[in-house]
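For what it's worth, my numbering labels the leading residue of the sequence shown as 28, then goes sequentially. C-beta atoms are modelled at their ideal positions from N, C-alpha and C, and glycine is treated no differently. Here the structure is a predicted model, which is why all the values come from computation and not from measurement.
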Amino acid sequence: MTTNIASSGAWDCHFHILDAAAPVVANAVIANRSASCNDYRAATAGLGLTGGVLVQPSLYGCDHTVLLRALAELGAGYRATGVITPDADPATLLQWHAAGMRGMRFNQVQSGATLIEDMPKTAELVRDMGWSLELHLPASELSCHHEMLADLGVPLVLNHLGRCRPDHDEDLEALLRLYELPHVWVKLSGPYHEDVRDLSWAHSLDVAKRLITADSSRLVWGSDWPHVTESNPPALSKLLAFIQTAAGDETILRRIMSENPQRLYR
């Protein structure tokens, strides 16, 4: 497959902007640093990306100062996913919607400001705006929350291939069972999070292919730039090659990179 991966208006649906001077939460497990909009543009130059989704890092908690400033700087075509608690002010959410916010994230891997038990209440807050909820959760915990996640009533976007561990078939089974539900989406991002010993990411590639076979219309791709958890960050070219290989043909690739994100984050 020789098609330019960004030839049809591709989106990067998972990246972060950081400010080394910004305050961080007391329990932050990731070190703060600088990763500016200009840095992101330089890293992705030549890829032809036309849109993307800026994701609130866990280390800033519910303080969206950096995110909203970056969203304004990135301009048209970019959306954001933030972090709130169930007592968030609806008027503020409407202001954020106008700025480009389109979802809220629950990060249950790195400690943050959210509790998974609050997802139903948050779903009620964002439902009328058409937002999604994102969930970063080990696949080993999906089954015990399946019933609650099934009843959210808003799009649910699982981060980083659902965090399925190699050699744990039950992880993939739980992910595929949840993915049978029509409101569940998955980001084909961060293959290195679980394939820590296999630099070919063979396990993650298998997970991606299984999801694509099940339904390619609810999958999106993200770079996870600037790879804050990694001591040796992967090259973007390798991450793009990963999604090209997983997609297998140009129609599915275009669907994942362009058509799906424009539906989800409209």
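Expressed to the nearest angstrom, what Euclidean distance is found between the alpha-carbon atoms of residue i and residue j?
i, j, result
"T30", "E277", "Confidence at T30 is low in this model, with a pLDDT of 45, below 50, so the placement of that residue is unreliable and no value is reported for it."
"R192", "L203", "14 Å"
"H91", "D198", "33 Å"
"H163", "A97", "22 Å"
"A58", "D251", "16 Å"
"N287", "P218", "20 Å"
"L169", "M175", "10 Å"
"L291", "G249", "14 Å"
"S231", "Q271", "13 Å"
"T108", "R129", "6 Å"
"N134", "G275", "30 Å"
"A235", "G189", "10 Å"
"N259", "A126", "34 Å"
"N54", "K148", "24 Å"
Enumerate in chain order the residues of its own chain whose CB-to-CB distance from residue i is below 6 Å, with the five nearest sequence positions on each side excluded.
i, result
"H43", "V82, P84"
"P253", "A62"
"H220", "H187"
"A177", "L208"
"D46", "V93"
Just to confirm my understanding: we take residue i, look at its own chain, exclude 5 residues before and 5 after, and list those with CB closer than 7 Å. What are they?
i, result
"I279", "I239, S243"
"G180", "A150, R154"
"V110", "Q83, G88, C89, M131, R132, G139, A140, T141"
"P137", "Reading off the sequence, residue 137 comes out as Gln, not Pro. If we look at Q137 and ignore the five residues flanking it on each side, its Cβ neighbours are V56, I57, S85."
"A115", "L152"
Tell me residue i's beta-bridge partners as DSSP assigns them.
i, result
"T108", "V82, G130"
"V213", "L185, L246"
"H163", "N134"
"W252", "F42"
Look at residue i and residue j and say whether their C-beta atoms are less than 8 Å apart.
i, j, result
"V223", "R245", "no"
"H124", "M146", "no"
"V80", "R106", "yes"
"A99", "G75", "no"
"L152", "L120", "yes"
Whose C-beta lies closer than 8 Å to the C-beta of residue i among residues of the same chain, with five residues either side of it excluded?
i, result
"H173", "A201, R204, L205"
"G73", "none"
For this session: Would you mind listing the beta strand (DSSP E) stretches within the segment 37-101 that are 3+ residues and don't spill past its ends, in chain order?
Result: 38-42, 78-82
Problem set entry | Length-filtered (3 minimum) beta strand (DSSP E) runs lying within the segment 110-159 | 128-134
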